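Heads up: the sequence lines are chains A and B, in that order.
Just remember that my numbering sits 796 ahead of the position in the first sequence, which is counted from 1.
Just remember that my numbering sits 796 ahead of the position in the second sequence, which is counted from 1.
Ideal Cβ placement from N, Cα and C applies to all residues, glycine included.
As the structure is a prediction and not an experimental result, all values here were calculated from the model.
There are 2 protein chains.
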Amino acid sequence: MALTFNSVDPRTGEAGPSFTEATPEDVRAAVAAAAAVHRSGALRDRAKRAALLRGAAARLRAAGDEIVAVAEAETGLPEPRLRSELERTAGQLEAFAAIVDAGDDAEAIIDHPDPDAVPIPKPDVRRMQVPLGPVAVFGASNFPLAFSTAGGDTASALAAGCPVIVKGHPSHPGTGEIVARELRAAVADAGLPDGTFANLTAAGVEVGEALVDAPEVAAVGFTGSFNGGKAIFDRAARRPAPIPVYAEMGSINPIVVTEAALRARAEKIADGLTASVANFGGQLCTKPGVVFVPVGEQGDAFAADLAARLDAAAPSVLLNERLRDALRDAVDRLAARPEVRALGEAPAPDGPGFRHQPAAYEAPADAAADELFEEHFGPVVLLLRHRSREELLAALERIEGQLSGTLLAEPGDDVDDIVSALAARAGRVVFDGFPTGVAVTYGMHHGGPFPATTSPPHTSVGMTAVHRFTRPVAFQDAPEHVLPPELREDNPLGIRRRVDSVPS
Amino acid sequence: MALTFNSVDPRTGEAGPSFTEATPEDVRAAVAAAAAVHRSGALRDRAKRAALLRGAAARLRAAGDEIVAVAEAETGLPEPRLRSELERTAGQLEAFAAIVDAGDDAEAIIDHPDPDAVPIPKPDVRRMQVPLGPVAVFGASNFPLAFSTAGGDTASALAAGCPVIVKGHPSHPGTGEIVARELRAAVADAGLPDGTFANLTAAGVEVGEALVDAPEVAAVGFTGSFNGGKAIFDRAARRPAPIPVYAEMGSINPIVVTEAALRARAEKIADGLTASVANFGGQLCTKPGVVFVPVGEQGDAFAADLAARLDAAAPSVLLNERLRDALRDAVDRLAARPEVRALGEAPAPDGPGFRHQPAAYEAPADAAADELFEEHFGPVVLLLRHRSREELLAALERIEGQLSGTLLAEPGDDVDDIVSALAARAGRVVFDGFPTGVAVTYGMHHGGPFPATTSPPHTSVGMTAVHRFTRPVAFQDAPEHVLPPELREDNPLGIRRRVDSVPS
């Protein structure tokens, strides 16, 4: 008898449709099909890969109303956010298609021979990145579209030429199945084999574990909690043949606000920070969790203003009951600490479903507890009040690897040491803005030192995300006819290459 | 009292000078100094980095006679090989200096803002690769210069801007100390702090373990055995904050010889293969361990010719007693297998020191034993005889990740399936040549799927080796004055960058 589970509307707590849990046999079949596609070389066809990515984007846009309606009921995220996320998802699929057109995933390098080189002659060396193999993607709870079924990990893995098997997040199984339906149709439209993409719906951990263990799976993409990502990393490292795990595990995204910035525009900063903390229930990997604010009157007024704004915000609907309970418990522990003070009223949330009241807390920046630097996944922020530059820098030094670090300063401020401290521990340093709302640009970096991610050299947003799923192969003195088109002398695909050390 | 050990001349087995084992305190001091250099940002100075690399190359060349004499006595490798290896070592230091000049290590990306982008405006994003932090390098036994103290791992880590701590190989401690002396002098000449480079001499495993465990160490480079590399990989993965381990662990580097190639030039192939198997005691990571040869008269004649050539070769001096004993035991086990046949006389090696007679064995390609695909680190090769293309391809499918795969064929041969099988499991596919003698070119790839390496996307030879030791940092909407020079609008360093998606 098949196991089933129901989706839940977090706005009401009521059960939605029933979904069938993927079986071990489903996992084996998906992995075998993906491995067969990889071996066949079908995904090496650059034109078909680009067609798949563009086709998927078009189909997702066309099915937008259906997708957004189901996602709204499954996640409680507001419709405009979901429409924006859908457009982002389609846009990044198209951006990766452009990468495939340009050949940037291949990073083709051609070194012509040099028979006179010392100490030994240099042969003809032509090298390109080739797909690693089937990729397992773990969908995120908080981005049902952009970091899930057809999200950034899937788009970049397909762009790299890897078949993808998604383990969908149980918070939005219906959304995942609709998106998967469209992606599978795009696979067929592009003339690619069925095993190119699979979506496994599951509420238990067994499906994910089986995917990580499958010998044919070559890499894992994950967005979620530290505990989830680290468990997958450890499991993959213990395999007889270890595989890379690209886990993005969130962070506290520290913000530093200078005295001058408060003097110049405290209200504007409070307004922006309120949105960055509370929008979408604060359930963003880049939500600012800790804000450094100087002690003194300016800072006090700013803290009071921020608290009032958060108090006035409606209670946030969180993605699911487990997340809500975990947040409530963590915030209770934080608030119970002797050095921590609640800044506002933080009324108990009203209404059905899974809700949490946006709230701010504060503590002295020199408080020693590591607990102050823990992530609270939800609409909660902790202000750390420093009495001097030294105290600020000492506190920053205690912060582990981060996705982002933000500085709100004025032109006259001397900020070099703060910027250095942020850049030393964060993947992205944001100036005079907020870390949430990660735009997809070529060079965007969404990653960072451990424990923000398990693979600091890599990003899960931006075009270089494609490099997570490839490895180089060099052809030495190969006859032209055996070379892949990317490496032939006349460059029949017209891709970008590095020839004799120089990009062209 | 300090622990000491003696170097050993493998040509005679006699003890050489005594060396002092590095202590736990030495490890702590080297790590602390390296971490301080990393925090100081001193190595971010591109001109000083390039000066260090070029200065080291010049100093190594100037000290060449002294280095080669000591290395010869410690490794038994012939002087011309060591002179060539020294030039290669100097040359790759200079090649990485050129990379630093060109800024290729930085992979700078500049995305100008687009306020009209959908679904959200695109900010100004400027991204570059920054050094990971102190790198621990484990010197190799078989390349006392090019893969040791100032070898490829050290050169690429310094080029990336990372301080380096070398754990020298106990087979050549004196060589390591002279090279380290020159490298430290080059550090001083370049105006860089002392902690930029350290060399720890050690015969035990404790120094290496302490380096891998040190919280400040950010990455590990290793060249050596599977057991050694895998133990370091596992240890690094178990750290509270795991770090990347770039371990190159050798392979059997399969060669396929077609019937047509044998008909056209059997003698030339036997000559080249003899050198590739037996030169330098066969102690190369890319030494061909398995050669696929068709059954039949042509193949039999080729096998006999190869065996005669290897029999006629002088016994090889191996690097140390442990290696010699391990090889002898492994070859004894191989030769004792019922399906394996010794092709020549393989006389017991004569002479003092640690020697092994070059030798060839053969077995049917359809023999099932995994032991036939084990690496024998030394002058030994196994011919696998296949009766059909199907048998050849089936045997290739059983081979794990490799550094290289080689095809010796004639223009008329239909080789697509063989090339695909080799490219699917090897980092480099060599045509009509031999895999040994890895030239340093921009795109050279010396790496491959596990178990050839622990990090298939990376290479330890060629210019892209620098990317093992960096991570990206993106600056979003940063004022010009806080940006590193690599990312300033006017490109004051004149480095290569990718601006608005296009390399320039």
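- Any chain B beta carbon closer than 8 Å to Phe-1271 of chain A: Indexing the first sequence from 1 puts residue 1271 of chain A at position 475. For Phe-1271 of chain A, a Cβ of chain B is located within less than 8 Å of the residue's own Cβ.
- Beta-carbon separation (whole angstroms), Gly-1223 of chain A vs Pro-1268 of chain B, contact threshold 8 Å: Here the question's residue 1223 of chain A lines up with position 427 in the first sequence. Here the question's residue 1268 of chain B lines up with position 472 in the second sequence. About 7 Å separates the two Cβ atoms, so the contact holds.
- When DSSP labels each residue in this structure, what does Gly-1025 of chain B get in the three-state scheme? Against the second sequence, residue 1025 of chain B aligns to sequence position 229. Annotated three-state conformation of Gly-1025 of chain B is helix, per DSSP.
- Task: Check whether the Cβ of Lys-963 of chain B lies closer than 8 Å to any Cβ atom in chain A.
- Result: What you label residue 963 of chain B is simply residue 167 of the second sequence in a count that begins at 1. Lys-963 of chain B is outside the set of residues whose beta carbon lies under 8 Å from a beta carbon in chain A.
- Item | Proximal chain B residues relative to Val-1211 of chain A, where beta-carbon distance stays under 8 Å | Taking the first sequence and counting its residues from 1, one reaches residue 1211 of chain A at position 415. Neighbourhood of Val-1211 of chain A in chain B, by CB distance below 8 Å: Val-1278, in chain order.
- Determine the direct distance from the alpha carbon of Gly-1004 of chain A to that of Ser-880 of chain A, and round the result to whole angstroms. The count along the first sequence starts at 1 and reaches residue 880 of chain A at position 84. The count along the first sequence starts at 1 and reaches residue 1004 of chain A at position 208. Cα atoms of Ser-880 of chain A and Gly-1004 of chain A: separation of roughly 29 Å, rounded to the nearest angstrom.
- Task: Evaluate Lys-844 of chain A with the Cβ neighbour count: other Cβ atoms within 10 Å of its Cβ, from every protein chain shown; 16 or more gives buried, anything less gives exposed.
- Result: On the first sequence, position 48 is the one that residue 844 of chain A refers to. The residue is buried, with at least 16 neighbouring Cβ atoms inside 10 Å.
- Message: I'd like to confirm the pairing. Which residues does DSSP put opposite Gln-1272 of chain A in its beta bridges?
- Response: By 1-based counting over the first sequence, the position of residue 1272 of chain A is 476. Gln-1272 of chain A is bridged to A:Val-921, B:Val-1226.
- Query: Where Arg-1284 of chain A and Gly-887 of chain A are concerned, what is the direct C-alpha to C-alpha distance, given to the nearest angstrom?
  - Reply: Numbered from its first residue, the first sequence carries residue 1284 of chain A at position 488. Numbered from its first residue, the first sequence carries residue 887 of chain A at position 91. Going by the C-alpha atoms only, they are around 31 Å apart.
- Message: With H, G and I counted as helix, E and B as strand and the rest as coil, what does DSSP make of Phe-1265 of chain B?
- Response: Taking the first residue of the second sequence as 1, we reach residue 1265 of chain B at position 469. When DSSP states are grouped into helix, strand and coil, Phe-1265 of chain B belongs to the helix group.
- Where do the ends of the alpha helix (DSSP H) carrying Ser-944 of chain A lie? The residue you call residue 944 of chain A lines up with position 148 of the first sequence. Counting along the chain, no alpha helix (DSSP H) covers Ser-944 of chain A, and no H or E run does either.
- Item | Selected residue, minimal CA-CA separation from Gly-1025 of chain A, among A:Glu-1012, A:Val-1001, A:Ala-1014 | Position 229 of the first sequence holds residue 1025 of chain A. Of A:Glu-1012, A:Val-1001, A:Ala-1014, the residue nearest in Cα terms is A:Val-1001.
- Task: Could you pull out every unbroken beta strand (DSSP E) segment of at least 3 residues lying fully inside the region 1144-1220 of chain A, listed in chain order?
- Result: DSSP runs (the beta strand (DSSP E)) wholly in the region 1144-1220 of chain A: 1155-1160, 1176-1182, 1198-1204.
- Query: Name the residues in the region 1053-1083 of chain B whose C-beta lies less than 8 Å from a C-beta of chain E; which are they?
  - Reply: Within the model displayed, chain E is absent; protein chains A and B are what it includes.
- C-beta atoms of Ala-801 of chain A and Phe-934 of chain A nearer than 8 Å: Indexing the first sequence from 1 puts residue 801 of chain A at position 5. Indexing the first sequence from 1 puts residue 934 of chain A at position 138. According to the sequence displayed, residue 801 of chain A carries Phe and not Ala. No, the pair does not count as a contact, with Cβ atoms beyond the cut-off.
- Any chance you could list the alpha helix (DSSP H) runs of at least 4 consecutive residues sitting entirely within the region 800-878 of chain B, in chain order? The region 800-878 of chain B contains these whole alpha helix (DSSP H) runs: 820-836, 842-858, 860-871.
- Message: Just to make sure I have the definition right: I need the residues of chain A whose C-beta is within less than 7 Å of the C-beta of Ala-1110 of chain B. Which are they?
- Response: For the purposes of this step, residue 1110 of chain B is taken as residue 314 along the second sequence, with counting starting at 1. Here the premise fails: no neighbours, minimum Cβ distance about 23 Å.
- Query: Taking any Cβ of chain B, which residues in the region 1280-1296 of chain A have a Cβ under 8 Å from it, in chain order?
  - Reply: For the region 1280-1296 of chain A, which is checked against every Cβ of chain B, the residues closer than 8 Å are Arg-1292, Arg-1294, Asp-1296.
- Leu-1123 of chain A - containing alpha helix (DSSP H), residue span: Here residue 1123 of chain A refers to the residue found at position 327 when the first sequence is read from its first residue. Secondary structure note for Leu-1123 of chain A: its alpha helix (DSSP H) is the uninterrupted segment 1117-1131.
- Item | Other residues of its chain near Ala-793 of chain A: CB distance less than 8 Å, five sequence neighbours each side excluded | The structure shown does not extend to residue 793 of chain A, since chain A spans only 797 to 1300, so no value can be given for it.
- Query: Using the C-alpha atoms, what's the distance from Ala-956 of chain B back to Ala-986 of chain B?
  - Reply: Counting from 1 along the second sequence, the entry for residue 986 of chain B is found at position 190. Counting from 1 along the second sequence, the entry for residue 956 of chain B is found at position 160. If you draw a straight line from the Cα of Ala-986 of chain B to the Cα of Ala-956 of chain B, it is about 16 Å long.
- Message: Checking the sheet assignment: what are the DSSP bridge partners for Thr-1249 of chain B?
- Response: In the second sequence, residue 1249 of chain B corresponds to position 453, counting from 1. Paired residue(s): B:Glu-1044.
- Item | Inter-stretch contact at 8 Å, needing at least 3 Cβ pairs: the region 1043-1058 of chain A / the region 1033-1051 of chain B | Pairwise C-beta distances place the region 1043-1058 of chain A out of contact with the region 1033-1051 of chain B, as fewer than three of them are shorter than 8 Å.
- Can you tell me the Cα-Cα spacing of Pro-1299 of chain A and Asp-901 of chain A, whole angstroms? Reading the first sequence from its first residue, position 503 is the one you call residue 1299 of chain A. Reading the first sequence from its first residue, position 105 is the one you call residue 901 of chain A. When only Cα atoms are considered, Pro-1299 of chain A and Asp-901 of chain A end up about 14 Å apart.
- Task: State the DSSP-derived secondary structure class of Ser-1112 of chain A, mapped to helix, strand or coil.
- Result: Looking up residue 1112 of chain A in the first sequence gives position 316. DSSP places Ser-1112 of chain A within a strand segment (E or B) once states are collapsed to three.
- Message: Could you tell me the alpha carbon to alpha carbon distance between Ala-1027 of chain A and Ala-1191 of chain A, rounded to whole angstroms?
- Response: On the first sequence, position 231 is the one that residue 1027 of chain A refers to. On the first sequence, position 395 is the one that residue 1191 of chain A refers to. Answer to the nearest angstrom: the Cα atoms are 29 Å apart.
- Task: List the residues of chain A that Pro-1157 of chain B touches, going by C-beta distances under 8 Å, in chain order.
- Result: Here the question's residue 1157 of chain B lines up with position 361 in the second sequence. For the record, residue 1157 of chain B in the displayed sequence is Tyr; it is not Pro. Under the 8 Å cutoff, chain A gives no residues; its nearest Cβ is about 27 Å from Tyr-1157 of chain B.
- Task: Have a look at the DSSP bridge pairing and note the partners of Val-931 of chain A.
- Result: In the first sequence, counting from the first residue as 1, residue 931 of chain A sits at position 135. Partner residues in the beta bridge of Val-931 of chain A, as assigned by DSSP, are A:Val-960, A:Ala-1015.
- Task: Just mark His-834 of chain A as buried or exposed, buried being the case when its beta carbon has 16 or more other beta carbons within 10 Å.
- Result: For the purposes of this step, residue 834 of chain A is taken as the residue at position 38 of the first sequence. Its Cβ being crowded by 16 or more others within 10 Å, His-834 of chain A is buried.
- Can you tell which of A:Phe-1150, A:Ala-854, A:Gln-1153, A:Val-1136 has the C-alpha that lies nearest to the C-alpha of Leu-1168 of chain A? Counting from one through the first sequence, the residue named residue 1168 of chain A turns up at place 372. Cα-wise, what sits closest to Leu-1168 of chain A is A:Val-1136.
- Query: Where does the unbroken alpha helix (DSSP H) through Arg-977 of chain A begin, and where does it stop?
  - Reply: Against the first sequence, residue 977 of chain A aligns to sequence position 181. 969-985 is the extent of the alpha helix (DSSP H) around Arg-977 of chain A.
- Message: Looking at Leu-1080 of chain A: is its Cβ nearer than 8 Å to the Cβ of Ser-937 of chain A?
- Response: Locating residue 1080 of chain A in the first sequence gives position 284, counting from the first residue. Locating residue 937 of chain A in the first sequence gives position 141, counting from the first residue. The Cβ atoms of Leu-1080 of chain A and Ser-937 of chain A do not sit closer than 8 Å to each other.
- Message: Please report whether the beta-carbon of Pro-959 of chain A lies at a distance below 8 Å from any beta-carbon of chain B.
- Response: Position 163 of the first sequence, counting from 1, holds the residue named residue 959 of chain A. With 8 Å as the cut-off, Pro-959 of chain A does not count as an interface residue toward chain B.
- Nearest-angstrom Cα separation, counted from Asp-897 of chain A out to Ala-893 of chain B: For the purposes of this step, residue 893 of chain B is taken as the residue at position 97 of the second sequence. For the purposes of this step, residue 897 of chain A is taken as the residue at position 101 of the first sequence. Approximately 33 Å between the Cα atoms of the pair.
- For Phe-1227 of chain A and Leu-1203 of chain A, the rounded distance between their alpha carbons: The residue given as residue 1203 of chain A occupies position 407 in the first sequence. The residue given as residue 1227 of chain A occupies position 431 in the first sequence. Roughly 5 Å between the two C-alpha positions.
- Near Val-1295 of chain A, what residues of its chain come up, given a Cβ to Cβ distance below 6 Å and the 5 sequence neighbours on each side ignored? Taking the first sequence and counting its residues from 1, the one referred to as residue 1295 of chain A is at position 499. Ile-906, listed in sequence order.
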